[in-house]
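> Residue numbering for the sequence shown follows our numbering, starting at 233 and increasing by one per position.
Beta carbons: idealized from backbone N, C-alpha and C, even for Gly.
Since we're looking at a predicted model, the values are computed, not measured.
Just passing along the structure, written as structure tokens.
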Amino acid sequence: MILQFGKRMLTEPDKRLLWKFAYNFGYKGMRSVQKYKKRLKQGVHFPPFLFISIINSCQLRCQGCWVDVESPREMIDLDQMNRIINDAKAHGNSYFGILGGEPFMHPQLIQILEAHPDCYFQIFTNGQMITEHLASELRRVGNATPLISIEGGEIVSDERRGRLNVLNRTLAGLENCRKHKLIVGVATSVCQTNYDLVSEKWLRRLIDMGVHYAWFHTYRVVGPKPAAELALTPDQVVNIRRFIVEMRAKLPIAIVDAYWDDKGEALCPMATGVSHHIGPSGAVEPCPIIQFAKENVSDERGIFDVMSNSAFLKDFRETAAKTTRGCIVLERPDIVAKLVLKHNATDTTQRGTALAEMQALESRTSQHLPGREIPEEQWMYRFAKKHWFFGFGAYT
Ligand code: SF4
């Protein structure tokens, strides 16, 4: 499997892009986690992985989306992005997750990528705006991988994403990535209506379409119109974990997950402090679905000082880690609401109803299912997670 995957990576993407990925994301990414571990020993929390939603607008209307995609446009512009990235870089970071809305609606996205050839960007996109020209631009800049979301077959995609002909348009974007030899991933937010995508057949289809990595999220019931009927059962979550572990050892495609360590124990990237989020208004938030903040990137101190000195983020990390190894938003939305009130944090949405939404959520299960842990079987994933993706002492 490793040899086959290695062969794919050596023959499919542009060699220069592979080098950028290996060096900027692989080597420097590992180094940034080492620096993070060192900082932790000194009691300084600044995440090695920043997720930045650069724009709120999107052309789709997904079920359960928490972003104000129809509200007036908010964006983090090139200057602000340069400031954030330069400050993070100065502390060893090299990876940035770029989210939206739809990031490709941001008119300066290519300029942002171009300004930081020493970094690596993962762009969470619906793929529909990736024309041949855009794909060739991504190849030219060389330091970004599109992570294209596909939520099911034609009917399910249209239903999940609130528009018509969604799948064909997305597949056209994916094909443009393949033609221009990009490193490309496909993400799926698994829920009741697309659970059938958790299958070997689907992964084999992705391999045939030139996809190099898949990322399975589990659907989170949040936002102004939370679709509770789409939530997975605990058995389904365990099945996804088992499927990921098995397929990692079987198929020549990388599989990403962000919710389990090498022993199969659950973790929350926000609680461990390995990542925090910046919203389209510049709000500094614990994670993308916790839309509350005390700080903003416009603060003159810079993102390192702001995040590492935030009492709000600290309280969130510590309270979440004490509460559960899983997702505090799913399991204890009441505690999230209390923390927001305790810190008198600002609702960072334009709709202004985030607190009421949080208070209305029912408690449910998440990825933390004690006694049902499934350890990594494939040695490379086990090794990588053991050294660079674990609890970082949060769960003591
Ligand atoms: S709080 Fe939930 S959604 Fe946010 S990072 Fe943690 S597990 Fe993920």
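#1: Excluding five sequence neighbours on each side, which residues of the same chain lie with their C-beta closer than 7 Å to the C-beta of Tyr491?
#2: Say yes only if the C-beta of Met337 is nearer than 8 Å to one or more non-hydrogen atoms of the ligand SF4, and no if none qualify.
#3: Who are the Cβ neighbours of Leu250 in its own chain at under 8 Å, not counting the five residues just before and after it?
#4: Exposed or buried, His348, counting other C-beta atoms within 10 Å across all chains shown (16 or more means buried)?
#5: With 16 as the cutoff for other CB atoms within 10 Å, does Ala543 come out buried or exposed?
#6: Rounded to whole angstroms, what's the CA-CA distance from Glu369 to Leu341? Just pull it up for me.
#7: At a cut-off of 8 Å, is Ser513 close to the ligand SF4 when judged by its beta-carbon and the heavy atoms of the ligand?
#8: Below 8 Å CB to CB, which residues in the same chain sit around Phe356 once its five sequence neighbours on both sides are set aside?
#9: When you measure from the CB of Tyr491 to every non-hydrogen atom of the ligand SF4, does any distance come out below 8 Å?
#10: For the region 499–515 against the region 617–625, are there 3 or more C-beta pairs whose distance is under 8 Å?
#11: Taking DSSP's pairing of strands, which residues face His323 in a bridge?
#12: Evaluate Gly558 with the Cβ neighbour count: other Cβ atoms within 10 Å of its Cβ, from every protein chain shown; 16 or more gives buried, anything less gives exposed.
#13: Using the beta-carbon count (16 or more within 10 Å), is Trp611 buried or exposed?
#14: Measure the CB-CB distance between Arg392 and Cys294 and report whether it falls below 9 Å.
#15: Can at least three beta-carbon pairs, one atom from the region 463–479 and one from the region 531–550, be found at a separation below 8 Å?
#16: Could you check whether Ala515 and Thr585 sit closer than 9 Å to each other, using their CB atoms as the reference points?
#17: For Pro565, count neighbouring C-beta atoms within 10 Å of its own C-beta (all shown protein chains included) and say buried if the count is 16 or more, exposed if not.
#18: If we count the other Cβ atoms within 10 Å of its Cβ and call it buried at 16 or more, is His619 buried or exposed?
#19: If contacts are defined as beta-carbon pairs under 8 Å, then Ile510 and Asp489 qualify, I think. What distance do you get, rounded to the angstrom?
#20: Is Gly584 close to the ligand SF4? I mean its beta-carbon at under 8 Å from any heavy atom of the ligand.
#21: Could you spell out where the beta strand (DSSP E) holding Leu462 opens and where it closes?
So, to answer that:
#1: Ala498, Leu499, Gln599
#2: no
#3: Met241, Leu242, Ile415
#4: buried
#5: exposed
#6: 11 Å
#7: no
#8: Annotation for Phe356: Gly329, Ile330, Leu331, Gly332, Pro335, Leu379, Ser381, Ala419 place their beta carbon closer than 8 Å to its own, counting only its chain and skipping 5 residues before and after.
#9: Yes, since a heavy atom of the ligand SF4 falls inside the 8 Å radius drawn around the Cβ of Tyr491.
#10: yes
#11: DSSP lists no partner for His323.
#12: Gly558 comes out buried.
#13: exposed
#14: yes
#15: no
#16: no
#17: Answer is buried; the Cβ neighbour count reaches 16.
#18: exposed
#19: About 23 Å; that fails the 8 Å criterion.
#20: no
#21: That residue, Leu462, is in no beta strand (DSSP E); it is neither H nor E in DSSP.
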